[in-house]
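Using my numbering, the first residue of the sequence shown is number 201, and each one after it goes up by one.
One structure is given here, and the rest of the page talks about it.
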Amino acid sequence: MIIVMSNTADEAQIEAVIKQIKKQGLDANISRGTERTVIGAIGDERKLDGELLEALPGVEQALHIVKPYKIVAREWHKEDTVINISGVPLGGKEIQIIAGPCSVETPEQMALSAQAVKDAGCRLMRGGAFKPRSSPYTFQGTGYEGLAMLREAADKQGLPIVTELLDIRHLDKFMEYGVDVIQIGTRSMQNFELLKEVGKTNVPIILKRGMSATISEWLMAAEYIAASGNHNIIFCERGIRSFETYYRNVMDVTAIPVLKKATHLPVIVDPSHAGGKAWMVPALSRAAIAAGADGLLVEAHPVPCEAWCDADQALNPTELVDLMGQLRGIAKVIGREIQ
Ligand code: PEP
Ligand code: MN
Numbered sequence: 201m202i203i204v205m206s207n208t209a210d211e212a213q214i215e216a217v218i219k220q221i222k223k224q225g226l227d228a229n230i231s232r233g234t235e236r237t238v239i240g241a242i243g244d245e246r247k248l249d250g251e252l253l254e255a256l257p258g259v260e261q262a263l264h265i266v267k268p269y270k271i272v273a274r275e276w277h278k279e280d281t282v283i284n285i286s287g288v289p290l291g292g293k294e295i296q297i298i299a300g301p302c303s304v305e306t307p308e309q310m311a312l313s314a315q316a317v318k319d320a321g322c323r324l325m326r327g328g329a330f331k332p333r334s335s336p337y338t339f340q341g342t343g344y345e346g347l348a349m350l351r352e353a354a355d356k357q358g359l360p361i362v363t364e365l366l367d368i369r370h371l372d373k374f375m376e377y378g379v380d381v382i383q384i385g386t387r388s389m390q391n392f393e394l395l396k397e398v399g400k401t402n403v404p405i406i407l408k409r410g411m412s413a414t415i416s417e418w419l420m421a422a423e424y425i426a427a428s429g430n431h432n433i434i435f436c437e438r439g440i441r442s443f444e445t446y447y448r449n450v451m452d453v454t455a456i457p458v459l460k461k462a463t464h465l466p467v468i469v470d471p472s473h474a475g476g477k478a479w480m481v482p483a484l485s486r487a488a489i490a491a492g493a494d495g496l497l498v499e500a501h502p503v504p505c506e507a508w509c510d511a512d513q514a515l516n517p518t519e520l521v522d523l524m525g526q527l528r529g530i531a532k533v534i535g536r537e538i539q
């Protein structure tokens with residue numbers, strides 16, 4: 201059972217609910233989100249009287265959720281959650297396109313990237329400082345220097361930043377740099393300790409789907425973050441493994457409506473890591489937006505053939521502008537908008 205406290209509930213009211221749960225022989229998980237506190241009752245729920253809990257002051261609703269994921273479930277939160285990313289809304293009527301290079305390379309490359317992202321009309325910028333590469337002998341990212349380069353270039357254009365966190369030990373520095381969105385990559389989706397740690401912050405999290413993860417596993421991974429207190433989670437479909445080798449991954453379009461039904465949280469798509477080739481990105485992007493995605497995470501580079509990482513899949517500045525134009529048309533048809 202989850203007990204959703206009203207957003208005006210005070211500490212004493214939260215304590216009274218916990219006391220009541222414990223009195224009935226169950227344990228309580230307290231998830232203090234920025235908007236509201238959600239208390240999960242752990243144990244034999246048949247012992248719990250929901251009506252009694254609902255009668256307590258400060259309780260908005262007490263409901264039994266059958267699914268193993270609870271806080272992220274749409275069942276208790278029928279409306280779409282809109283996440284505020286340093287002033288940019290994600291999950292509402294406005295679709296957000298997050299663009300930027302796979303990896304942060306040099307100050308010049310970052311300045312040109314940020315300019316291109318801004319000129320195309322995107323409101324958020326991506327860039328990896330720590331790169332999870334398949335081979336230990338390839339470029340591993342520019343690390344903290346990269347983080348500084350990303351921050352500086354994006355700040356000049358007034359763009360909030362998205363960057364991947366690979367290791368708990370980097371989290372303090374991410375907070376110091378005021379990373380606006382922490383990306384958890386496909387390879388880390390089930391790194392539960394990492395999920396718990398980012399769950400203790402209130403920084404919005406992009407949780408990419410594990411390349412072989414089922415929808416349920418993905419939802420449960422998000423629940424780890426939510427259970428620790430961070431309810432600002434954005435799901436990102438980035439393609440899954442299949443028998444097909446012609447392209448990098450299979451973009452699971454079906455996951456978009458399925459997730460939108462299962463969760464109140466925003467769902468975005470990364471068409472770049474799905475296709476793996478720049479020429480596939482526009483078609484995949486159009487499909488994702490038409491299917492109801494709340495945004496995209498797209499790789500773009502000032503000179504793609506010179507990119508240090510994922511050169512084949514990066515859009516050049518002209519292609520990014522062109523893509524934005526196409527997506528604005530689709531957004532309009534489905535009653536949404538792109539700035
Ligand atoms: C990335 O976004 O640069 C990245 C490494 O993505 P993924 O985790 O989806 O492979
Ligand atoms: Mn990449």
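Don't be surprised by glycine CBs; every beta carbon is placed ideally from N, CA and C.
As the structure is a computational prediction, the values presented were derived from the model and not from experiment.
Where residue i falls: helix, strand or coil (DSSP)
i	result
S335	coil
G495	strand
F435	strand
K532	helix
S231	strand
T363	strand
K356	helix
I456	helix
L290	strand
R486	helix
A514	coil
S313	helix
E279	coil
S412	coil
Q220	helix
R387	helix
L253	helix
R246	helix
A507	coil
I368	helix
M205	strand
Proximal residues to residue i (C-beta, below 6 Å), its chain only, five neighbours per side dropped
i	result
A490	I530
A487	V453
R536	K293 and I295
V451	Before going on, a small fix: residue 451 reads as Met here, not Val. Answer for M451: G439, A474 and L484, listed in chain order.
Residues of its chain near residue i, where Cβ-Cβ distance is below 7 Å and the 5 sequence neighbours each way are ignored
i	result
M411	T386, I440, R441 and N449
A262	M201, I203, G250, L253 and E254
L324	I285, V288, Q296, I298, L359, P360 and V362
E260	V204, M205 and S206
R528	I538
L419	Y269, V272, A462 and T463
H264	M201, E245 and G250
E397	I368 and L371
Residues near residue i by beta carbon distance below 8 Å, same chain, minus five either side
i	result
K461	R274
G378	R351
Q526	P482, S485 and R486
E279	H464
T281	G291, H431, H464, L465 and P466
I242	L226, D227, A228 and N229
Q390	G410, A413, E417 and A421
L256	Q213, A216, V217 and Q220
S313	G300, P301, M325, G327, A353, A500, H501 and P502
P457	A491 and G492
E235	N207 and H431
S231	T237, V238, I239, G240, I271, A426, A427, S428, G429 and H431
Q357	A314, Q315, V317, K318 and M325
Residue i beta carbon near the ligand ADP (any heavy atom closer than 8 Å)
i	result
D510	This structure simply doesn't include the ligand ADP; it includes the ligand PEP and the ligand MN instead.
Environment of residue i [buried if 16+ CB atoms lie within 10 Å]
i	result
F443	exposed
P301	buried
F339	exposed
V266	exposed
M349	buried
Q539	exposed
G287	exposed
M375	exposed
S335	exposed
P332	exposed
R246	exposed
Y424	buried
D380	buried
I534	exposed
D244	exposed
R438	buried
K494	Lys is not the amino acid found at residue 494; the sequence shown has Asp there. D494 comes out buried.
K532	exposed
D470	buried
CB contact below 9 Å: residue i versus chain D
i	result
L484	This model lacks chain D altogether, as it is built from one protein chain only.
Using a Cβ distance threshold of 8 Å, determine whether the segment 315-322 contacts the segment 336-349, with at least three qualifying pairs required.
Touching, no.
Please confirm if the segment 293-310 is in contact with the segment 498-506, defined as three or more CB-CB distances below 8 Å between the two stretches.
The segment 293-310, when compared against the segment 498-506, does touch it at the 8 Å Cβ threshold.
Quick test of the definition: if touching needs 3 or more C-beta pairs under 8 Å, does the segment 399-413 touch the segment 423-432?
Three or more beta-carbon pairs separated by less than 8 Å link the segment 399-413 to the segment 423-432, which places the two stretches in contact.
Report yes or no: do the segment 464-480 and the segment 510-525 share at least 3 C-beta pairs separated by less than 8 Å?
Yes, since at least three Cβ pairs between the segment 464-480 and the segment 510-525 fall closer than 8 Å, the two stretches touch.
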